[in-house]
Structure formats: C-alpha cells, structure tokens
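Note that the protein sequences, when read in sequence, are chains Z and E.
Under this note's numbering, the first residue of the first sequence carries the number 2, and numbering increases by one thereafter.
Under this note's numbering, the first residue of the second sequence carries the number 2, and numbering increases by one thereafter.
Cβ coordinates follow ideal geometry from the N, Cα and C atoms, glycine included.
Just so it is clear, the structure is predicted and the values come from calculations on it, not from any experiment.
In what follows, a structure is listed as structure tokens, so that the remarks can point back to it.
Number of protein chains: 2
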Amino acid sequence: MEKYSIFFISDHTGITVETLGYSVLTQFSGLNFEFHAIPFMNSLPKAEAARAEIDADFSNKGVSPVVFSSVTNVELRMIIKQSNAVVFDLFEIFLPPLENAFEQSSIHALGKSHGMSDSVKYGSRIEALNFALNSDDGVNFKNYNRADIILVGVSRTGKTPTCLYLALQFGIFASNYPMTDGDLETFELTKLLRPYRDKLYGLTIEPGQLQRIRQERKPDSVYASLQQCQKEVRTVVELFNQENIPYLDVTNFSVEEISTTIMYEKGWQRGQI
Amino acid sequence: MEKYSIFFISDHTGITVETLGYSVLTQFSGLNFEFHAIPFMNSLPKAEAARAEIDADFSNKGVSPVVFSSVTNVELRMIIKQSNAVVFDLFEIFLPPLENAFEQSSIHALGKSHGMSDSVKYGSRIEALNFALNSDDGVNFKNYNRADIILVGVSRTGKTPTCLYLALQFGIFASNYPMTDGDLETFELTKLLRPYRDKLYGLTIEPGQLQRIRQERKPDSVYASLQQCQKEVRTVVELFNQENIPYLDVTNFSVEEISTTIMYEKGWQRGQI
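Listed below in structure tokens is the structure:
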C-alpha cells in the first residue's frame with residue numbers, strides 16, 4: 002500500500018511540528034505514513050536541500066507530500082512553500098490572527114520553545130529531575146519536605162515514570178513511595194508519610210493488568226500472582242479511601258495522561274517550555 | 002500590565018495544544034500571558050462550563066481571550082467557538098485540507114496522541130525508560146549490548162537527563178558512561194567501551210559553564226575548580242577526536258535540543274506518540 006510522505010521541518014528542534022502533525026494524523030485511519038524529520042533547517046543551503054528532498058519524493062511517488070513546518074525566517078519559509086507539497090507552516094497560519102488579537106507584530110525570532118532561553122525555568126526542570134531520581138521508590142524520604150507531590154501505590158503502577166515525566170516536562174518536584182506488604186498489613190498510613198498527607202496522591206490499577214505487568218518482570222512469582230495483585234490493590238484502595246487520599250485508576254492511562262490529569266486536578270499550570 | 006488570557010482546551014491531555022500555543026506565543030515579546038488549561042473536556046456540561054469560564058474572563062478584562070483547542074466532537078467544538086474568544090481549533094484548521102490531500106474523511110475519534118492506543122509502542126517507551134534507569138552512570142554495563150546509544154562525557158554534561166528524555170519521548174534505549182579522571186589519564190578508550198564503539202556519542206561543554214554547574218553541586222571542591230574542568234574537557238575532546246567518536250557541544254543546549262540533534266544525526270525517526 003502506498004505510503005504518504007510526511008515532512009516535519011523546523012529551524013529549531015521540530016518538537017512542536019511533530020507533536021502537532023502526529024496528533025492531526027491520528028484522525029486518519031487505514032493510511033500509511035512515511036515520516037521525514039528535518040530539524041535545525043536554519044540556512045539557505047539547508048532550505049534548498051530540504052526543498053530538493055521534498056521534490057524528489059514527489060517525483061518518485063507522484064503524490065504531493067504533506068509538510069508541517071515552523072520556520073521563522075520568511076525567505077527560508079518561501080523556499081519550502083515553493084516545493085511540490087501541501088505545506089502547513091505554523092507561524093504563517095497562527096501569527097497573523099494573533100498579531101490582530103494582540104495588536105502587536107511578532108518578532109520573527111528563531112524557534113524559542115524547547116530551548117534554554119529561560120534559563121531559570123530550564124534549571125528548575127533539571128533540578129526537579131535530579132530530585133525525582135534521588136528520592137525515587139521511598140529512598141531519601143527526608144526529601145519529602147521539598148516535594149510538590151508524593152505518588153503512592155503498590156509496585157508497578159507507573160509511579161517512577163510519572164515522577165520523571167512531571168519533572169522533565171513541568172518542573173514538578175515529584176517523589177514516590179511504594180506500598181509494600183508491610184505497609185498494607187497494618188491498614189494505616191505509615192508514620193513516614195503522615196507529615197506529608199497533603200502531598201499524597203494515589204495510583205491504582207485493575208488487578209488483572211497489574212498481574213500481566215508483574216508477570217513480565219518476575220514470571221510465576223507470588224508477587225505476580227493474580228491473588229496477590231487483587232489483595233494489594235483492594236487493600237491500597239481501602240487505605241486511600243480511609244485516609245482521604247485522592248487517587249487515580251491508571252489501568253488504561255499513559256504516563257502523559259496520568260501526568261496531565263494530576264496537573265489539572267492540582268490546578269498547576271504547565272511551565273512554558 | 003494587562004495579561005492576555007490564553008486557554009488550552011482539549012478532549013484529551015491537551016499536550017498538543019499547549020506545545021503549539023507556547024511555541025507561537027514565544028513570537029510575541031513584552032506581552033504577559035495568563036494560562037488556563039482545560040484538558041479532558043469531553044462532555045456537554047464540561048464544554049458549557051469551559052465556555053462560561055472563557056466568557057467570564059472576557060467580561061472581566063474586556064479583551065478577547067485566545068483559545069487553542071483540539072476537540073474532535075463537532076458539537077462540543079461549536080460551544081467553544083460561540084464564546085467571546087479568538088478560537089483556533091487544530092482539527093478545524095488542519096483536517097479539511099488534509100482530507101483533500103489524502104482524499105479521505107477523518108474519523109473524528111477522541112484525541113489519540115499521548116495515550117496508549119498503540120500499546121506496543123507505549124510498552125517499549127516504558128521498557129526504554131527502565132533500561133535507562135537501570136544502566137545509568139556506568140552501572141550494569143552488561144546492558145550495553147542492548148543499548149541503541151551510549152552517551153559518554155565528563156560528569157555533569159547532561160548525560161542522564163538526555164538518556165531519560167530519549168527513552169520517554171522516543172523509546173530509544175540509551176545508556177551512559179561517565180568519563181572520570183581514571184579514564185582520562187590513560188588517554189585511551191576504556192576496555193569496557195571498546196566493544197560498543199559504534200554506539201558511543203560524546204557530550205562536551207564549555208569549561209566555564211561546567212564549572213558553574215559543578216560549583217552548585219559541590220561548592221569549592223577540586224571537582225568544581227575551573228582548572229579541573231578545563232583539564233577534563235580538553236582531555237575528553239582529544240579522546241573523542243582520537244577515537245573518532247561523534248560529539249556535541251551542549252553548552253547552550255537543552256535536553257530537548259540535545260535529544261533531537263542526536264535523533265537527526267542518527268537518522269532515527271521519532272515514534273508516533
């Protein structure tokens with residue numbers, strides 16, 4: 002089956018055009034796509050080379066490629082627009098109406114997202130990441146003082162990946178504490194966590210899904226048995242309810258979905274990255 | 002100074018609209034923005050509530066808010082469009098011309114990006130993340146067999162954050178090995194790394210910048226002295242050149258910029274996430 006060629010072109014990382022392009026393309030089913038990323042396209046020779054690559058693709062397939070581009074330099078943008086492609090340039094689409102709305106011209110500066118132009122915010126994201134790494138899985142719990150949030154849940158509910166994502170993307174200081182058999186048997190919140198009750202956020206999961214995840218990690222162990230998973234999940238949910246800890250069922254949730262749900266529920270704004 | 006209200010509305014995570022919105026807004030300087038994120042807006046009552054919030058903001062400020070939205074359900078989208086705002090709906094902007102290009106209707110399915118609809122790809126991103134965590138900083142070097150890339154460089158050049166980003170965003174299996182004084186004194190590649198020469202990728206940094214980063218971590222140590230930083234950076238660059246290891250100067254590069262540069266140089270396509 003013919004594959005449609007999709008080009009992602011940017012004078013910077015290309016993260017924005019790729020994110021946008023993938024998102025709108027998920028609205029077409031049954032089509033095959035061939036992706037070509039051309040980041041850091043910031044000079045005349047690079048623009049000419051990109052245009053040649055697009056045109057060669059068109060000659061090859063006889064079908065217009067689709068280009069998602071974000072190119073601030075108008076001269077370079079025009080070179081891409083002259084190619085044999087359907088070109089969506091984000092700045093061309095969005096800037097004129099935004100200039101109207103804000104009654105101000107845009108600055109045509111090289112892509113500023115995803116860089117270090119705001120070094121304070123960038124520094125705090127890296128600091129948050131180091132914090133997540135250094136207080137993962139219940140270690141260094143003295144760090145909890147500094148945490149914005151402490152994820153709690155049984156083993157393999159996505160606590161660590163969520164902490165890392167919250168740190169890297171949003172600069173949130175996130176720790177996590179694994180609820181083990183010992184914690185669960187007492188049916189009460191471990192003393193360790195009590196001073197930080199307001200920071201706790203629970204993750205839970207459907208026991209069958211938990212069993213499949215654990216089975217991959219430690220096949221045929223007690224840890225991975227359905228009975229054990231059922232017991233742990235039931236107990237932890239009782240504990241969340243009893244202690245009034247907000248929680249989320251992550252059975253069908255990706256790290257991105259868990260993280261954006263938490264950000265929204267907490268009323269936290271994503272940093273401008 | 003008046004702040005312009007910006008709303009990010011989505012029936013799913015909102016990651017795409019936020020990424021796009023922040024990117025185009027960086028093209029306006031000297032303006033202040035107030036951000037409002039409304040993810041998971043997937044029902045009539047939620048849409049009415051969002052519209053009411055937008056209209057209240059307009060009444061308050063007397064200035065039209067700007068809305069970036071991605072809402073697949075046309076009825077819900079129309080409710081947002083009826084608000085007193087400048088509304089950019091991504092699906093409305095991009096889908097009609099894409100339907101022309103592909104000669105096919107779009108499916109109007111709920112936002113599919115950033116979720117788990119492709120569970121194999123999602124699973125491999127999480128697996129890559131666990132791999133990065135378990136083989137960070139030169140531990141478990143037996144894992145190097147499985148690595149797609151091994152970042153090498155002196156301490157505090159961004160190896161760990163880059164590995165985690167490559168894993169989480171792109172599902173790349175990334176390890177790293179820190180070049181310490183011991184490695185650098187011999188002026189040759191440690192035996193450990195020789196079998197994996199083709200996977201090595203160097204990170205280097207301007208010594209003054211390295212000194213500032215280390216100074217924050219271990220103030221007034223030999224480790225953080227300018228002399229030590231200069232020596233380490235000079236030696237490691239000589240080693241990269243001698244051993245023909247490709248490398249990148251990350252002095253002014255964010256984790257996103259380092260990662261997308263590596264992806265491009267390696268010819269790796271970003272997974273569709």
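Residue i versus residue j: straight-line alpha-carbon distance, rounded
| i | j | result |
| --- | --- | --- |
| Ser79(Z) | Glu54(Z) | Sequence check: residue 79(Z) is Met here, not Ser. For Met79(Z) and Glu54(Z), the distance between alpha carbons rounds to 15 angstroms. |
| Ser24(E) | Leu227(Z) | 46 angstroms |
| Ser260(Z) | Ser118(E) | 17 angstroms |
| Arg52(Z) | Lys200(E) | 31 angstroms |
| Ile274(Z) | Lys267(E) | Because Ile274(Z) sits at a pLDDT of 40, beneath the cut-off of 50, its placement in the model cannot be relied upon, and the following sentence gives the value as read from the coordinates. Straight-line Cα distance between these residues: approximately 25 angstroms. |
| Gln210(E) | Val223(Z) | 50 angstroms |
| Gln229(E) | Thr17(Z) | 39 angstroms |
| Glu207(Z) | Gln231(Z) | 8 angstroms |
| Ser156(E) | Cys164(Z) | 23 angstroms |
| Ser84(Z) | Pro196(E) | 44 angstroms |
| Ser11(E) | Phe59(Z) | 34 angstroms |
| Asp56(E) | Ser176(Z) | 38 angstroms |
| Ser136(E) | Pro162(E) | 13 angstroms |
| Ala110(E) | Gly116(E) | 13 angstroms |
| Asp221(E) | Arg215(E) | 9 angstroms |
| Leu194(E) | Val238(E) | 16 angstroms |
| Asp138(E) | Val153(Z) | 27 angstroms |
| Asp250(E) | Glu233(E) | 14 angstroms |
| Phe142(Z) | Pro98(E) | 53 angstroms |
| Asp182(Z) | Lys192(E) | 43 angstroms |
| Phe41(E) | Leu45(Z) | 42 angstroms |
| Leu96(Z) | Val88(Z) | 16 angstroms |
| Ser43(E) | Phe174(Z) | Residue identity differs from the one stated: residue 43(E) is Asn in this sequence, not Ser. Computed Cα separation, rounded: 29 angstroms. |
| Asn61(E) | Glu3(E) | 12 angstroms |
| Glu244(E) | Arg147(E) | 22 angstroms |
From the options, residue whose alpha carbon lies closest to that of residue i
| i | options | result |
| --- | --- | --- |
| Glu217(Z) | Asn43(E), Ile127(E) and Val25(E) | Ile127(E) |
| Ser107(Z) | Leu167(E), Gln229(E), Gln28(E) and Asn85(E) | Gln28(E) |
| Ser65(E) | Tyr5(E), Thr20(E) and Leu165(E) | Tyr5(E) |
| Phe241(Z) | His109(Z), Thr262(Z) and Asp184(Z) | Asp184(Z) |
| Phe34(Z) | Gly22(Z), Pro40(Z), Glu244(Z) and Glu100(Z) | Gly22(Z) |
| Leu32(Z) | Ala102(E), Thr262(E) and Ser136(E) | Ala102(E) |
| Gln170(E) | Ala133(E), Val153(E) and Tyr145(E) | Ala133(E) |
| Ile150(Z) | His115(Z), Phe8(Z) and Ile263(Z) | Ile263(Z) |
| Gly172(Z) | Glu258(Z), Lys219(Z), Glu186(Z) and Ser120(Z) | Ser120(Z) |
| Ser71(Z) | Gln105(Z), His37(Z), Gly15(Z) and Ala175(Z) | Gly15(Z) |
| Glu93(Z) | Ala86(Z), Ala110(Z), Thr73(Z) and Glu104(Z) | Thr73(Z) |
| Val256(E) | Leu91(E), Tyr166(E) and Leu193(E) | Tyr166(E) |
| Gln212(Z) | Asp221(Z), Ala225(Z), Pro220(Z) and Lys219(Z) | Ala225(Z) |
| Phe36(Z) | Ala50(Z), Val234(Z), Phe69(Z) and Phe188(Z) | Phe69(Z) |
| Asn253(Z) | Phe9(E), Thr191(E), Gly124(E) and Glu19(E) | Gly124(E) |
| Gly63(Z) | Glu189(Z), Lys122(Z), Lys192(Z) and Ala86(Z) | Ala86(Z) |
| Phe188(E) | Asn144(E), Ala50(E) and Thr236(E) | Thr236(E) |
| Glu100(E) | Ser30(Z), Glu244(Z), Gln243(Z) and Trp269(Z) | Ser30(Z) |
| Tyr145(Z) | Ser114(Z), Lys47(Z), Glu19(Z) and Arg198(Z) | Arg198(Z) |
| Val140(Z) | Ala168(Z), Met180(Z) and Arg271(Z) | Met180(Z) |
| Ile81(Z) | Ala50(Z), Lys113(Z) and Leu26(Z) | Ala50(Z) |
The ligand GTP heavy atom lying under 6 angstroms from the CB of residue i
| i | result |
| --- | --- |
| Ile151(E) | The model on display carries no ligand, and the ligand GTP is accordingly not part of it. |
For residue i, the residue or residues it bridges with in DSSP
| i | result |
| --- | --- |
| Asp250(E) | Thr205(E) |
| Ala129(Z) | Beta-bridge pairing links Ala129(Z) to no other residue. |
| Asn177(E) | Leu152(E) |
| Ser70(E) | Ile10(E) and Asp90(E) |
Coarse secondary structure for residue i, derived from DSSP in three states
| i | result |
| --- | --- |
| Lys4(Z) | strand |
| Phe1(Z) | In the structure displayed, chain Z extends from 2 to 274; residue 1(Z) sits before or after that span and is not available. |
| Ala38(E) | strand |
| Phe188(E) | coil |
| Ala110(E) | coil |
| Asn141(E) | coil |
| Asn43(Z) | coil |
| Tyr224(Z) | coil |
| Asn242(Z) | helix |
| Asn61(Z) | helix |
| Leu193(E) | coil |
| Gly159(E) | coil |
| Gly268(Z) | coil |
| Gln83(E) | coil |
| Gln212(Z) | helix |
Assumed close pair residue i, residue j - CB separation to whole angstroms, cut-off 8 angstroms
| i | j | result |
| --- | --- | --- |
| Gly159(Z) | Leu204(Z) | 6 angstroms |
| Pro247(Z) | Tyr202(Z) | 6 angstroms |
| Ile7(E) | Val67(E) | 5 angstroms |
| Tyr1(E) | Ala48(Z) | Past the boundaries of the shown model lies residue 1(E); chain E is included only from 2 to 274, so the question cannot be answered. |
| Arg271(Z) | Glu19(E) | 6 angstroms |
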